[in-house]
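Below is one structure, written out as structure tokens; comments come after it.
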Amino acid sequence: MASTELLDATFAALADPTRRAILARLAAGEASVTELAEPFAMSQPAISKHLKVLERAGLVSRGRDAQRRPCRLEARPLREATAWLADYRGYWAESYQRLDALLDEIQAVNQTDTAGRHSHPDGSRG
1 MASTELLDAT FAALADPTRR AILARLAAGE ASVTELAEPF AMSQPAISKH
51 LKVLERAGLV SRGRDAQRRP CRLEARPLRE ATAWLADYRG YWAESYQRLD
101 ALLDEIQAVN QTDTAGRHSH PDGSRG
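And the structure:
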């Protein structure tokens, strides 16, 4: 899968709260489909459909352990998504700095206006 396709699949998989909960569970260690289905009011086939989406995105892999096929979290797609998001962190930091500067300017103008309103016509304050 090409890098952009993998990124698209990762974000599509992460868009669902059930799949995010499955990933959170797998972050604690591998688990069977039965174990993953326990906290949800869903059938095993429904959980399996979610797992297939996560597998296509490369977020989950299944091993072979005797009679069961434990699911495990794969970190690479999450690292790539994090790297993609990090590219925009600079943009947001700069935007917040500009907003902070604008707010400081507005507060300074407001303080000047407030101080001016408390002056008497003869120039005295109070």
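Each residue of the sequence shown is one higher than the one before, starting from 1 at the first, in UniProt numbering.
Cβ coordinates follow ideal geometry from the N, Cα and C atoms, glycine included.
Classification of residue i by the beta-carbon crowding that lies within 10 angstroms, buried from 16 upward
| i | result |
| --- | --- |
| Glu30 | buried |
| Ile106 | exposed |
| Arg19 | buried |
| Glu99 | Reading the sequence as shown, one finds Leu at residue 99 and not Glu. The residue in question, Leu99, is exposed, as its Cβ has fewer than 16 Cβ neighbours within 10 Å. |
Own chain partners of residue i with C-beta closer than 7 Å, once the 5 adjacent residues on each side are dropped
| i | result |
| --- | --- |
| Ile47 | Val33, Leu36, Ala37 and Phe40 |
| Ala108 | none |
Cβ distance (whole Å) where residue i is taken to contact residue j below 8 Å
| i | j | result |
| --- | --- | --- |
| Leu26 | Glu80 | About 18 Å; that fails the 8 Å criterion. |
| Leu73 | Leu59 | 7 Å |
Proximity below 9 Å, CB of residue i to CB of residue j
| i | j | result |
| --- | --- | --- |
| Ala13 | Val53 | yes |
| His50 | Asp104 | no |
Which residues DSSP lists as bridging residue i, in chain order
| i | result |
| --- | --- |
| Leu73 | Val60 |
| Ala31 | Cys71 |
Contacts around residue i, its chain only, beta-carbon distance under 8 Å, and the 5 residues preceding and following it disregarded
| i | result |
| --- | --- |
| Thr10 | Ala57, Gly58, Leu59, Pro77, Leu78, Glu80 and Ala81 |
Residue i beta carbon near the ligand GDP (any heavy atom closer than 8 Å)
| i | result |
| --- | --- |
| Arg56 | No copy of the ligand GDP appears in this structure; indeed no ligand is present at all. |
Other residues of its chain near residue i: CB distance less than 6 Å, five sequence neighbours each side excluded
| i | result |
| --- | --- |
| Glu55 | none |
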